[in-house]
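Residue numbers (my numbering): 1 to 132.
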């Protein structure tokens, strides 16, 4: 369904110029302090302390849907959303020329390729911060 595809919308939103900051979740996972600094700079607010530890909250881990057991379906969805992936890469590259795109975006990784996401950990859900 075309309504699910965001590539064209994302490209159109680029017309907002410096009023829009697009952040990929992979950047938050791989470089949290740096990414949150970009966000606070963008918003014009006081940055977090350098001592701040960015943890995961409200994040359910484990095999939630069974989709990871069906790689063929994952590949079908990745094919369906290919234009969205490309649009996201274009927007992120335009926002931050020369900066490397998040690895999980470049490789089209899903949570199924992140083994720690599939483990049921005691920190899942609303019980407190998950320790990575």
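A virtual CB, placed ideally from N, CA and C, is assigned to each residue, including glycine.
Predicted model only: the values in this text are computed from it and were never measured.
Compare the Cα-Cα distances from residue 35 to each of 118, 92, 114 and 113 and report the closest residue. Residue mapping note: residue 35 aligns to position 35 of the chain shown, counting from 1. 92 is the residue among 118, 92, 114 and 113 whose C-alpha sits nearest the C-alpha of residue 35.
CB of residue 15 within 8 Å of CB of residue 105, strictly: Against the chain shown, residue 15 aligns to sequence position 15. Against the chain shown, residue 105 aligns to sequence position 105. No. Outside cutoff.
Between residue 13 and residue 5, how many whole angstroms is the CB-CB distance? I'm expecting something under 8 Å. Taking the first residue of the chain shown as position 1, residue 13 is located at position 13. Taking the first residue of the chain shown as position 1, residue 5 is located at position 5. Rounded, the Cβ-Cβ distance is 14 Å, inconsistent with contact.
From 9, 8, 114 and 7, pick the residue whose C-alpha is nearest to that of residue 62; which is it? Within the chain shown, residue 62 is the residue found at index 62, counting from 1. Of the listed residues, the one whose Cα sits closest to residue 62 is 114.
Expressed to the nearest angstrom, what Euclidean distance is found between the alpha-carbon atoms of residue 86 and residue 68? Your numbering for residue 86 matches position 86 in the chain shown. Your numbering for residue 68 matches position 68 in the chain shown. Residue 68 has its alpha-carbon roughly 23 Å from the corresponding atom of residue 86.
Whole-angstrom distance between residue 31 and residue 103, CA atom to CA atom: Along the chain shown, one-based indexing puts residue 103 at 103. Along the chain shown, one-based indexing puts residue 31 at 31. Roughly 11 Å separates the two Cα atoms.
Using 10 angstroms around the beta-carbon of residue 107, count the other beta-carbons present and answer buried if the total reaches 16, otherwise exposed. Within the chain shown, numbered from 1, the residue matching residue 107 stands at position 107. Exposed.
Can you give me the Cβ contacts of residue 125 inside the same chain, cut-off strictly under 7 Å, excluding the 5 residues immediately before and after it? Sequence index remark: in the chain shown, residue 125 carries index 125 (1-based). Note that residue 125 has pLDDT 48, beneath the 50 cutoff, so the model's placement of it is unreliable and no number is given.
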